[in-house]
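Engineer:
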Amino acid sequence: MDVNALVDGYLRDLAFAQSSPQKMFGYKRAAAAILSLDMPLTDLLGPDGVLPKISGIGPGSTRVIREILETGASPTVEQAIERSERRADIERRRELRRHFLSRAEVRRILTDSGSSGPTVDQYRGDLQMHSAWSDGSSTVEDIANACLARGYQFAAVTDHSYGLRIAGGMSMDDAAAQRLAIEAVNGRHKGRFRLLQGIEANIDATGQLDLTPDEAKTFDVVLAAPHSRLRKNEDQTDRMLAAVQHPTVRILAHPRGRIAGSRAGVMANWEVVFEAAAQRGVAIEIDGDPARQDLDYTLARQALESGCVFALDSDAHTTAQLSYAETALAHARLAAIPVDRIVNCWPMDRLLAWLSNPSAECRR
Ligand SMILES: [Zn+2]
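Yeah, the sequence shown ends on 387 if you go by this note's numbering, and it's all consecutive.
See the structure below:
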């Protein structure tokens with residue numbers, strides 16, 4: 024059992040049962056602190072059953088944590104929900120936290136010799152991250168150095184394209200300047216590391232991208248991702264099908280656009296989308312951002328059955344967030360995806376061959 028995820032859930036329930044915005048903020052902060060702990064709370068308990076001081080956790084949260092560790096549930100939270108008259112909203116949010124892993128659980132899965140699937144050592148490079156050229160915070164130079172420190176052989180910087188203004192989408196002029204910056208970085212790391220210039224194109228309501236095919240061709244790798252219509256209770260299979268059938272797209276990134284406890288994202292007949300992706304050799308992404316975890320291992324298993332290849336990416340917006348790739352690796356291990364189906368684990372020459380001709384990797 025993922026005890027930290029269980030505690031996170033109860034603390035978020037308690038947050039949404041508050042009428043004071045300050046208290047709500049405090050419980051949310053406590054939940055986030057628990058979710059990002061490296062160790063399960065059960066391992067942090069002292070021999071006397073006392074929890075050590077955890078930054079961001081107040082006395083109210085500590086009481087709830089103790090209850091859960093002792094009984095597996097929290098009467099305190101249940102009573103707060105009862106008093107709040109917000110049960111329906113809280114139940115809805117509970118549903119939207121299914122199949123999310125805590126950081127401690129991710130770390131356990133990565134070292135669990137019983138799970139199959141890719142290991143950290145087999146992961147050669149990350150194919151979704153953002154730089155200061157759109158909504159990230161780092162230069163391409165800092166990104167290259169951070170990737171090298173993680174032992175990567177390659178990575179793709181995938182800033183947003185110009186259609187997504189809200190995320191600082193990059194103009195084509197900016198993209199040309201970024202290309203020069205990337206080439207300068209690659210010149211310095213020749214022979215041991217290569218940064219690819221990618222783009223995260225936005226999928227519009229009809230499944231088209233926010234850049235022309237000629238513009239898309241200037242990038243080494245094109246990711247397509249939904250950022251709108253993520254709360255619609257309607258089928259969007261045609262939209263996602265159009266996106267994976269776009270000739271320049273190589274990776275369908277955060278396919279649903281779900282956010283933990285907030286929104287379910289795109290609803291579609293995923294089997295149909297996965298079959299089309301497998302036929303074209305388009306990779307389905309497991310986005311490792313802890314709030315996204317999209318696909319999770321349950322849907323990833325379906326995509327594997329359809330014959331898809333996968334991209335396991337961090338979606339980092341800071342170099343510290345490059346560790347989010349481990350969340351994606353954990354889901355891939357739970358889904359038992361063979362290393363051969365994961366583009367991040369391929370040697371550079373196979374990766375480049377796939378980028379220039381994805382159908383080479385169809386249903387191998
Ligand atoms: Zn995105």
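For each residue, glycine too, the CB sits at the ideal point set by N, CA and C.
1. Going by DSSP, what residue range makes up the beta strand (DSSP E) through residue 305?
2. Between residue 296 and residue 102, what straight-line distance do the alpha-carbon atoms span, to the nearest angstrom?
3. My assumption, with CB atoms under 8 Å, is that residue 246 sits in contact with residue 224. Please give the rounded CB distance.
4. So, with DSSP's three-state summary, where would you put residue 367?
5. By Cβ distance, which residues of its chain are closer than 7 Å to residue 344, with the 5 residues on each side in sequence left out?
6. For ligand 1, any of its heavy atoms closer than 7 Å to the Cβ of residue 266?
7. Comparing C-alpha positions only, which one of 53, 27 and 322 sits nearest to residue 279?
8. Let me check understanding here. Comparing Cα to Cα, which of 360, 31, 172 and 185 lies closest to residue 212?
9. Looking at the structure shown, is residue 29 part of a helix, part of a strand, or coil, going by DSSP?
10. Mapping the DSSP letters down to three states, classify residue 338 as helix, strand or coil.
11. Relative to the C-alpha of residue 385, which candidate in 175, 334 and 299 has its C-alpha closest?
12. Roughly how many angstroms separate the alpha carbons of residue 117 and residue 328, rounded to a whole number?
13. According to the neighbour-count rule (16 or more other Cβ atoms, all chains shown, within 10 Å of its Cβ), is residue 304 buried or exposed?
14. Would you call residue 311 buried or exposed, if buried means 16 or more other Cβ atoms sit within 10 Å of its Cβ?
15. Could you tell me which residues DSSP pairs with residue 244 in its beta bridges?
16. Would you call the segment 145-157 in contact with the segment 80-90, where contact means no fewer than 3 C-beta pairs closer than 8 Å?
17. Residue 119 and residue 286 look like a contact to me (Cβ under 8 Å); what is the Cβ gap, rounded to whole Å?
18. Closer than 8 Å by C-beta to residue 56: which residues in its own chain qualify, once you throw out the five before and the five after it? Chain order, please.
19. Please return the same chain residues whose Cβ sits closer than 7 Å to the Cβ of residue 164, not counting the five positions on each side in sequence.
20. Given the structure, does residue 122 come close to ligand 1, in the sense that its CB is under 7 Å from one of the ligand's heavy atoms?
21. Have a look at 228, 161, 177 and 179 and flag the residue whose alpha-carbon is nearest the alpha-carbon of residue 186.
22. Nearest-angstrom Cα distance between residue 258 and residue 292?
23. For residue 70, does the three-state DSSP call read helix, strand or coil?
24. When the Cα atoms are used, what is the spatial distance from residue 369 to residue 146?
25. Report yes if the C-beta of residue 223 is less than 7 Å from at least one heavy atom of ligand 1; otherwise report no.
26. Please report the distance separating the alpha-carbon of residue 138 from that of residue 203.
27. Taking the C-alpha atoms as reference points, what is the distance between residue 359 and residue 264?
28. Using the C-alpha atoms, what's the distance from residue 307 back to residue 283?
29. Bridge partners of residue 127, per DSSP?
30. Tell me whether residue 205 sits in a helix, a strand or coil according to DSSP, three-state version.
Structural biologist: Taking the coordinates as given:
1. Against the sequence shown, residue 305 aligns to sequence position 282. Note, residue 305: premise wrong, no beta strand (DSSP E); not H, not E.
2. To locate residue 296, count along the sequence shown from 1; it is residue 273. To locate residue 102, count along the sequence shown from 1; it is residue 79. Going from the Cα of residue 296 to the Cα of residue 102 covers about 43 Å.
3. Indexing the sequence shown from 1 puts residue 246 at position 223. Indexing the sequence shown from 1 puts residue 224 at position 201. At roughly 7 Å, the Cβ-Cβ gap stays under 8 Å, so residue 246 and residue 224 are in contact.
4. Along the sequence shown, read from residue 1 onward, the residue named residue 367 stands at position 344. DSSP places residue 367 in helix when its eight states are reduced to three.
5. Residue numbering aside, residue 344 sits at position 321 when the sequence shown is read from its first letter. These residues qualify, in order along the chain: 337.
6. Numbered from its first residue, the sequence shown carries residue 266 at position 243. Residue 266 Cβ: outside cutoff for every heavy atom of ligand 1.
7. As a position in the sequence shown, residue 279 is number 256, starting the count at 1. Nearest of 53, 27 and 322 to residue 279, Cα basis: 322.
8. Working through the sequence shown from its first residue, we reach residue 212 at position 189. The candidate whose alpha carbon is nearest that of residue 212 is 172.
9. Taking the sequence shown and counting its residues from 1, the one referred to as residue 29 is at position 6. Helix at residue 29.
10. As a working note, residue 338 is residue 315 in the sequence shown. In this structure, residue 338 counts as coil in the three-state DSSP scheme.
11. Here residue 385 refers to the residue found at position 362 when the sequence shown is read from its first residue. Measuring from the Cα of residue 385, the nearest candidate turns out to be 299.
12. Mapped onto the sequence shown, residue 117 falls at position 94. Mapped onto the sequence shown, residue 328 falls at position 305. About 28 Å.
13. What you label residue 304 is simply residue 281 of the sequence shown in a count that begins at 1. Residue 304 is buried by the Cβ-count criterion.
14. Along the sequence shown, read from residue 1 onward, the residue named residue 311 stands at position 288. Per the 10 Å Cβ criterion, buried.
15. On the sequence shown, position 221 is the one that residue 244 refers to. The partner list for residue 244 (beta bridge, DSSP) reads 221.
16. no
17. Here residue 119 refers to the residue found at position 96 of the sequence shown. Here residue 286 refers to the residue found at position 263 of the sequence shown. Contact holds; Cβ gap of about 7 Å.
18. In the sequence shown, counting from the first residue as 1, residue 56 sits at position 33. Hits under 8 Å: 77, 78, 79 and 80.
19. Here residue 164 refers to the residue found at position 141 when the sequence shown is read from its first residue. Closer than 7 Å at the Cβ level, and outside the excluded window around residue 164, lie 208.
20. Here residue 122 corresponds to residue number 99 of the sequence shown, with the count starting at 1. The answer is no for residue 122.
21. Position 163 of the sequence shown holds residue 186. The residue with the shortest Cα to Cα distance from residue 186 is 228.
22. Within the sequence shown, the letter at position 235 stands for residue 258. Within the sequence shown, the letter at position 269 stands for residue 292. Roughly 7 Å between the two C-alpha positions.
23. Residue mapping note: residue 70 aligns to position 47 of the sequence shown, counting from 1. Residue 70: coil per DSSP, three-state reduction.
24. For the purposes of this step, residue 369 is taken as residue 346 along the sequence shown, with counting starting at 1. For the purposes of this step, residue 146 is taken as residue 123 along the sequence shown, with counting starting at 1. Cα to Cα, the separation comes out at about 8 Å.
25. If you number the sequence shown from 1, residue 223 lands on position 200. Yes, ligand 1 has a heavy atom inside 7 Å of this Cβ.
26. Counting from one through the sequence shown, the residue named residue 138 turns up at place 115. Counting from one through the sequence shown, the residue named residue 203 turns up at place 180. Going by the C-alpha atoms only, they are around 42 Å apart.
27. Working through the sequence shown from its first residue, we reach residue 359 at position 336. Working through the sequence shown from its first residue, we reach residue 264 at position 241. Rounded to the nearest angstrom, the two C-alpha atoms are 25 Å apart.
28. In the sequence shown, residue 283 corresponds to position 260, counting from 1. In the sequence shown, residue 307 corresponds to position 284, counting from 1. Each residue's Cα considered, the two are about 20 Å apart.
29. Sequence index remark: in the sequence shown, residue 127 carries index 104 (1-based). Residue 127 is not bridged to any residue.
30. Here residue 205 refers to the residue found at position 182 of the sequence shown. Three-state result, residue 205: helix.
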